[in-house]
Amino acid sequence: MATGVEAADEVGSSFSQFKLQRPPYNLRYIIYVIKDDKIQIEKEGAREKSWKDFTEDLPESDCRYAVIDVEFETDDGRPTSKIVFLSWAPDTAKVRPKMVYAGSKEAIKRALVGVGIHLNATDRSELEFEEILPSVKRFT
Numbered sequence: 029m030a031t032g033v034e035a036a037d038e039v040g041s042s043f044s045q046f047k048l049q050r051p052p053y054n055l056r057y058i059i060y061v062i063k064d065d066k067i068q069i070e071k072e073g074a075r076e077k078s079w080k081d082f083t084e085d086l087p088e089s090d091c092r093y094a095v096i097d098v099e100f101e102t103d104d105g106r107p108t109s110k111i112v113f114l115s116w117a118p119d120t121a122k123v124r125p126k127m128v129y130a131g132s133k134e135a136i137k138r139a140l141v142g143v144g145i146h147l148n149a150t151d152r153s154e155l156e157f158e159e160i161l162p163s164v165k166r167f168t
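Taking our numbering, the leading residue of the sequence shown gets 29, the next gets one more, and so forth.
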């Protein structure tokens, strides 16, 4: 479903720097919002921020996209990290935003070249670190 929404130029260029952890994009996460028919950066989480900080920065009743650098230990004890794309569409959001975000997801995915892990969440319980970790670990 095409919505006419496109990613702003800064989305792709900032993500390229985020992947490489180059200043000023040596961050833990970036949250994106659709505003004026453009996908734009809404919030950036400093490198010191945690998964809990990230989930608290997501709105309770509105949709968002995000990328987060998830740090964890592999099953054999090695520290590692993976960049995860998250589509946040809470059940409490209005129908129109949910439709716009669902229909615009391909536009942001085209701009975020190199993300291998795509997750969807519709409820705060799905944002628990213990819930997403198995999905992330499958890619190690």
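Don't be surprised by glycine CBs; every beta carbon is placed ideally from N, CA and C.
For clarity, every value in this text was computed on a predicted model and none was experimentally measured.
Proximity to residue i [Cα-Cα], best of the options
| i | options | result |
| --- | --- | --- |
| V33 | D81, A130, P162 and P107 | A130 |
| I111 | I96, A117 and P162 | I96 |
| K63 | D90, I145 and N54 | D90 |
| R92 | P162, A149 and F43 | A149 |
| K94 | T108, D65 and K133 | In the sequence under discussion, the amino acid at residue 94 is Ala, which differs from the Lys named in the question. Out of T108, D65 and K133, K133 has the C-alpha closest to the C-alpha of A94. |
| R50 | D65, D37 and A74 | A74 |
| G144 | S109, T83, D37 and Q68 | S109 |
| P87 | S115, Q45 and T102 | S115 |
Test item: CB-CB of residue i and residue j under 7 Å
| i | j | result |
| --- | --- | --- |
| W79 | F167 | no |
| H146 | F100 | no |
| D119 | D81 | no |
| V39 | V98 | no |
| L161 | T83 | no |
| Y53 | S41 | no |
Cβ neighbours of residue i in the same chain (closer than 8 Å, five flanking residues each side left out)
| i | result |
| --- | --- |
| R138 | A35 |
| V128 | T31, V33, I62 and C91 |
| I67 | V33, E34, A35, A36, V39, Y60, V61, Y93, S132, A135, I136 and A139 |
| E159 | S153 |
| T102 | T108, K165 and T168 |
Span of the beta strand (DSSP E), counted from its first residue to its last, around residue i
| i | result |
| --- | --- |
| T108 | P107 to W116 |
| P97 | The sequence shown places Asp at residue 97, rather than the Pro named in the question. Element bounds for D97: R92 to E101. |
Contacting residues, own chain, Cβ-Cβ under 6 Å from residue i (five flanking each side not counted)
| i | result |
| --- | --- |
| K71 | I59 and D85 |
| K77 | R56 |
| A117 | C91, K126, Y129 and T150 |
| K122 | none |
Start-to-end residues for the alpha helix (DSSP H) that takes in residue i
| i | result |
| --- | --- |
| A36 | Counting along the chain, A36 falls outside any alpha helix (DSSP H), and DSSP gives it neither H nor E. |
Check: residue i C-beta below 6 Å from any heavy atom of the ligand GDP
| i | result |
| --- | --- |
| A135 | This structure lacks the ligand GDP; in fact it carries no ligand of any kind. |
Any C-beta of chain C under 7 Å from that of residue i
| i | result |
| --- | --- |
| A35 | Going by chain labels, chain C is absent from the structure shown, which holds only one protein chain. |
Chain-order list of residues whose beta-carbon lies under 7 Å from that of residue i (same chain, five-residue window excluded)
| i | result |
| --- | --- |
| G142 | K47 |
| D65 | G32 and V33 |
Q: Kindly provide the ranges of any alpha helix (DSSP H) runs that are 4 or more residues long and lie completely inside the region 31 to 89, ordered along the chain.
A: 37 to 48 and 79 to 85
Q | Those runs of the beta strand (DSSP E) which lie wholly inside the region 124 to 161 and span at least 3 residues | A | 145 to 149
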